[in-house]
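A quick write-up on the structure given underneath.
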Amino acid sequence: MKKCLLLICLATTLANAQNKQLLHGFNEIPQSSYLNPAIQPTYKSFFGFPLLSHIHVQAGSSGVSAYDIFVDDNRAFGDKLEAALLSMDPQDFFLVNQQLDIFSGGFQIGNPQIDQKYITFGMYQEADIISYFPRDLVILALDGNQNNIDRTFDLGQLNIAAEMISVIHAGYSTKVSNQLTLGLRGKIYSSMFNVKSTRNTGSFVTNQGVNNFLIHRFNLDMRAQTSGIATLVDDENSDPTAIGKRVFLGGNLGLGIDFGLNYAINKQWQVAASLIDLGFIRHSKDIRNYVLDGSLVFEGINPIFPESGEGQTAEEYWEEVQEDFEELFDIEETNDKYTSLRPLKFFGGLTYSYGQKVAKECNCLAGEEPYRNALAFQVFAIKRPLRPLIATTISYSKLLGASWRIKASYTIDSFSATNLGLGTSFRLGPLQFYALADNLLQYNNLAKAQNVSLQLGFNYVIARKQ
Amino acid sequence: MKLKKVFLLVFSLMLLSSCVKDIDFDQAETFIIDPVIESSFIFFNEPATSFMEEDGSEASVVLDTVRVEVFTDDFIVDNLVKAEFTFEGINTINRAYTAAIDFLNDDDEIQHTTNLAIPASPTNQPIEVVVVETFEGIPLEAVKNSTQLAFTLELQASDDGTIIDENTVGDLSFRSKGAFYFLIDVIE
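Each protein sequence line maps, in turn, to chains A and V.
With our numbering, the residue at position 203 of the first sequence is 203, and numbering never jumps.
Take the position in the second sequence, starting the count at 1, then add 466; the result is the number in our numbering.
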């Protein structure tokens with residue numbers, strides 16, 4: 001439980017919904033092509049430093065912050081927690097997303113002046129956990145049913161999806177016309193573990209009874225699918241090292257693609273759109289599914305004058321009552337294979353670039369100067385179990401000197417309407433470094449933040465010849 | 467390069483000032499929840515004629531025992547701090563009853579007994595008797611030791627010697643519920 005609380009703390013103190021609004025369109029960062037495979041990094045080639053080229057952590061809580069619960073005032077902890085929990089609704093959620101590049105690289109092919117083709121490849125590990133807030137279950141646990149007579153507890157609010165995967169990918173981007181660049185990336189997923197309990201229904205209600213004081217009605221249809229968990233947690237032959245073996249294609253496998261385009265309306269206006277993780281994972285190994293299915297109406301027991309069945313003894317009657325309850329709460333285990341879909345993401349952007357540096361003396365040999373400023377409007381959407389999450393961002397970026405770019409962003413999403421982000425990328429010779437963070441307004445007290453995301457990384461790059 | 471300086475200033479200020487303030491995570495140690503679960507319990511509703519034997523004599527004593535494993539469950543033993551049972555008898559039969567609920571352990575030793583005396587109803591108007599028993603502290607241990615409940619319903623002899631027959635009117639209803647007060651240390 002302590003660990004669970006710490007996780008919630010992490011979720012509430014860290015970050016956002018897998019929206020990498022600062023990374024999007026940041027072409028000086030090679031990993032920006034993860035968000036749109038049409039994007040060609042501005043280098044002849046790049047190689048990410050193993051395990052360091054893309055470190056990404058995001059966690060968020062749409063309803064409460066750690067501050068709401070742990071603020072050091074004179075109120076009792078339970079009161080604060082209860083107030084914070086009751087302020088949330090069942091659409092609120094906790095979310096953790098983490099991504100780590102194991103290796104990555106890319107290079108241009110063909111004649112850069114004519115073809116403009118680019119290949120990227122790599123492998124990364126990703127963890128994604130989302131849990132909606134099961135408000136009714138929490139109220140039932142906090143309060144019990146005595147003060148909630150006639151209240152129907154909706155047990156279907158329990159909605160959790162969690163997975164850890166590794167991804168091997170290769171992408172290809174090509175400029176098909178002066179204006180249009182297309183990109184495609186293929187992915188092989190290897191699932192290290194997966195937990196899915198997203199289609200639950202069920203209710204519990206206590207009413208005034210007819211034959212007794214109270215009548216309880218249970219109606220349960222709950223199910224959870226898991227893969228890769230059984231070998232980790234089995235008491236008898238658990239094998240925690242198994243998870244490591246699944247990183248390199250050893251887990252349940254799946255396939256996916258990313259698709260992206262970039263369209264230059266003119267020299268200054270560009271539109272970009274991409275779909276990321278259009279894919280699935282087939283779970284066939286190490287499956288353990290749980291089904292809790294049944295209904296029961298319980299008004300109490302009548303051991304003295306059992307009504308049901310003729311000649312039934314009290315003992316038999318009592319056994320029947322017990323069996324009814326056992327059946328109701330009996331969790332059935334199955335090993336049926338199942339398929340999970342990866343959370344599909346959409347990124348869109350409209351960018352206006354301006355502020356070309358004019359050389360003091362005409363130098364006809366020099367290449368065209370880049371625009372130094374860019375304003376962008378971005379849209380992000382991700383499919384989630386209950387409904388898609390959507391975020392909109394406006395950003396401004398500026399190139400300082402030859403190889404230092406800074407970017408600022410303002411985002412409105414499910415977590416807040418005051419999300420300011422700041423990021424930077426600079427290159428020193430062949431070393432490229434970047435760091436991006438959002439929710440800066442919360443940095444003076446992280447505990448108040450409902451979400452913060454952070455990405456950083458190092459790459460070895462070979463610049464394009466001028 | 468004014469912008470450069472502003473950027474550096476903002477970025478470093480942000481990192482330097484980044485911290486977690488006014489927060490006390492140790493509070494979680496005191497995280498206790500106190501739900502109250504209420505559940506229906508024993509009930510019946512029988513006409514007077516149910517107290518007749520097949521040979522026409524009176525069934526003066528009806529008793530039965532049920533096994534109740536729930537009170538000795540580890541979770542209950544650890545977290546239940548109070549139990550409150552409400553027993554109610556409503557009688558419209560012109561005969562008095564006594565009901566006894568014995569809480570027994572595995573060795574059939576009585577841990578606690580609840581008694582209800584239900585008076586006769588000469589006019590067949592409902593006579594209601596309610597007994598509320600609260601268990602806290604030491605008496606609660608009696609409940610937590612109990613694995614069986616014995617319910618004994620005794621029909622008291624009538625003052626005028628009449629016995630129940632097919633023509634005796636009225637019925638006896640019995641209702642009960644338990645409220646279970648928990649104090650659960652979630653962080654333990």
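Beta carbons: idealized from backbone N, C-alpha and C, even for Gly.
Classification of A/E316 by the beta-carbon crowding that lies within 10 angstroms, buried from 16 upward: Residue mapping note: residue 316 of chain A aligns to position 316 of the first sequence, counting from 1. By the neighbour-count rule (16 or more Cβ atoms within 10 Å), A/E316 is not buried but exposed.
Sufficient close CB pairs (3 or more, under 8 angstroms) joining the stretch 256-272 of chain A to the stretch 285-298 of chain A: no
Cβ separation of A/M192 and A/S166, assumed to be a contact under 8 angstroms, to the nearest whole Å: The residue you call residue 192 of chain A lines up with position 192 of the first sequence. The residue you call residue 166 of chain A lines up with position 166 of the first sequence. That belief holds up - the Cβ atoms of A/M192 and A/S166 are roughly 7 angstroms apart, short of 8 angstroms.
Partners in chain A for V/N560, counting only beta-carbon separations shorter than 9 angstroms: Numbered from 1 along the second sequence, position 94 holds the residue referred to as residue 560 of chain V. In chain order: nothing, as chain A lies at least about 20 angstroms away.
Chain-ordered neighbours of A/F46 on chain V, where CB pairs are closer than 9 angstroms: The count along the first sequence starts at 1 and reaches residue 46 of chain A at position 46. Neighbours of A/F46 on chain V: none; closest Cβ ~24 angstroms, over 9 angstroms.
Buried or exposed by the 16-neighbour rule on C-beta atoms within 10 Å, applied to A/Y34: Here residue 34 of chain A corresponds to residue number 34 of the first sequence, with the count starting at 1. Burial check for A/Y34: the Cβ neighbour count within 10 Å reaches 16 or more, so the residue is buried.
Residue burial classification, A/A83 (beta-carbon count within 10 angstroms, cutoff 16): Translated into positions along the first sequence, residue 83 of chain A becomes position 83. The residue is exposed, with fewer than 16 neighbouring Cβ atoms inside 10 Å.
The stretch 602-624 of chain V: positions lying closer than 9 angstroms to chain A by Cβ: L615, F617, L619
Bridge-paired residues (DSSP) for A/F380: Start at 1 with the first residue of the first sequence, and residue 380 of chain A comes out as number 380. BP columns for A/F380 point to A/F347, A/A391.
For A/R199 and A/G309, the rounded distance between their alpha carbons: Taking the first residue of the first sequence as position 1, residue 309 of chain A is located at position 309. Taking the first residue of the first sequence as position 1, residue 199 of chain A is located at position 199. Only weak support is given to the placement of A/G309: the predicted model assigns it a pLDDT of 48, under 50, and the question is left unresolved by the model.
A/E126 classed as buried or exposed, judged by whether at least 16 other C-beta atoms fall within 10 angstroms: Taking the first sequence and counting its residues from 1, the one referred to as residue 126 of chain A is at position 126. Under this definition A/E126 is a buried residue.
Assigned exposure category for A/I301 - 16 Cβ within 10 Å defines buried: Translated into positions along the first sequence, residue 301 of chain A becomes position 301. With 16 or more Cβ atoms within 10 Å of its Cβ, A/I301 is classed as buried.
Secondary structure of A/K470, DSSP reduced to three states: Nothing can be reported for residue 470 of chain A: it is not among the residues displayed for chain A, which extend from 1 to 466.
A/P50 beta carbon less than 8 angstroms from that of A/F103: In the first sequence, residue 103 of chain A corresponds to position 103, counting from 1. In the first sequence, residue 50 of chain A corresponds to position 50, counting from 1. Taking 8 angstroms as the Cβ cut-off, A/F103 and A/P50 qualify as a contacting pair.
Where V/P605 falls, given that 16 or more other Cβ within 10 Å makes a residue buried: To locate residue 605 of chain V, count along the second sequence from 1; it is residue 139. Burial call: exposed.
Contact check, V/I650 vs V/A494, beta carbons under 8 angstroms: Sequence index remark: in the second sequence, residue 650 of chain V carries index 184 (1-based). Sequence index remark: in the second sequence, residue 494 of chain V carries index 28 (1-based). No, the pair does not count as a contact, with Cβ atoms beyond the cut-off.
Cβ distance (whole Å) where V/F509 is taken to contact V/F640 below 8 angstroms: In the second sequence, counting from the first residue as 1, residue 509 of chain V sits at position 43. In the second sequence, counting from the first residue as 1, residue 640 of chain V sits at position 174. Contact holds; Cβ gap of about 6 angstroms.
Cα-Cα separation between A/L428 and A/A141, rounded to whole angstroms: Locating residue 428 of chain A in the first sequence gives position 428, counting from the first residue. Locating residue 141 of chain A in the first sequence gives position 141, counting from the first residue. When rounded, the distance between both Cα atoms is 56 angstroms.
Residue from A/E319, A/S32, A/S62 with nearest C-alpha to A/N391: Taking the first residue of the first sequence as 1, we reach residue 391 of chain A at position 391. Correcting the residue type first, residue 391 of chain A is Ala in the shown sequence and not Asn. Closest in alpha carbon position to A/A391, among A/E319, A/S32, A/S62, is A/S62.
CB contact check: A/F70 to chain V, cutoff 8 angstroms: Translated into positions along the first sequence, residue 70 of chain A becomes position 70. Yes, A/F70 lies at the interface with chain V (some Cβ there is under 8 angstroms from its Cβ).
Nearest-angstrom Cα separation, counted from A/K196 out to A/I160: The residue labelled residue 160 of chain A in the question sits at position 160 within the first sequence. The residue labelled residue 196 of chain A in the question sits at position 196 within the first sequence. So the alpha carbons of these two residues sit roughly 6 angstroms apart.
Within chain V, the residues that A/F213 reaches when beta carbons sit closer than 9 angstroms: As a first step, residue 213 of chain A is located in the first sequence; it is residue number 213 there, counting from the start. Simply E504, S506, F507, F509, T552, E554, R641, S642, K643.
Secondary structure of A/I69, DSSP reduced to three states: In the first sequence, counting from the first residue as 1, residue 69 of chain A sits at position 69. Helix.
Which of helix, strand or coil DSSP assigns to A/G309: Along the first sequence, read from residue 1 onward, the residue named residue 309 of chain A stands at position 309. Caution is warranted here: a pLDDT of 48 is assigned to A/G309, below 50, making its placement in the model unreliable, and the coordinate value is therefore given only provisionally. Coil at A/G309, not helix or strand.
Proximity of A/R342 and A/K357 at Cβ, strictly below 8 angstroms: Locating residue 342 of chain A in the first sequence gives position 342, counting from the first residue. Locating residue 357 of chain A in the first sequence gives position 357, counting from the first residue. Contact: no.
Chain V contacts from the stretch 73-88 of chain A (Cβ-Cβ distance under 9 angstroms): D73, A76, F77, G78, K80, L81, E82
Under the three-state DSSP convention, the category A/Q455 falls into: For the purposes of this step, residue 455 of chain A is taken as residue 455 along the first sequence, with counting starting at 1. Residue state, collapsed to three classes: strand.
Between the CA atoms of A/L456 and A/S53 - distance to the nearest angstrom: Counted from its first residue, the first sequence places residue 53 of chain A at position 53. Counted from its first residue, the first sequence places residue 456 of chain A at position 456. A/S53 and A/L456 have their C-alpha atoms roughly 7 angstroms apart.
Start-to-end residues for the beta strand (DSSP E) that takes in V/N511: Start at 1 with the first residue of the second sequence, and residue 511 of chain V comes out as number 45. 510-513 is the span of the beta strand (DSSP E), which, as asked, contains V/N511.
Secondary structure of A/D150, DSSP reduced to three states: As a working mapping, residue 150 of chain A is identified with position 150 in the first sequence. DSSP places A/D150 in coil when its eight states are reduced to three.
For A/G122, three-class secondary structure by DSSP: Looking up residue 122 of chain A in the first sequence gives position 122. Strand at A/G122.
Span of the beta strand (DSSP E) around V/N581: For the purposes of this step, residue 581 of chain V is taken as residue 115 along the second sequence, with counting starting at 1. Its beta strand (DSSP E) spans residues 576-584.
Burial state of A/A66, where buried means 16 or more other Cβ atoms lie within 10 Å: Along the first sequence, read from residue 1 onward, the residue named residue 66 of chain A stands at position 66. Burial call: buried.
Contact set between A/P388 and chain V, taken where Cβ atoms lie within less than 9 angstroms: By one-based count along the first sequence, residue 388 of chain A stands at place 388. Ordered by position in chain V, no residue passes the 9 angstroms Cβ test against A/P388, which lies about 31 angstroms from the chain.
Cα-Cα separation, A/Y118 to A/G260: By one-based count along the first sequence, residue 118 of chain A stands at place 118. By one-based count along the first sequence, residue 260 of chain A stands at place 260. Cα to Cα, A/Y118 sits roughly 13 angstroms from A/G260.
Proximity to A/L278 [Cα-Cα], best of A/G25, A/N36, A/P90: As a working note, residue 278 of chain A is residue 278 in the first sequence. Out of A/G25, A/N36, A/P90, A/N36 has the C-alpha closest to the C-alpha of A/L278.
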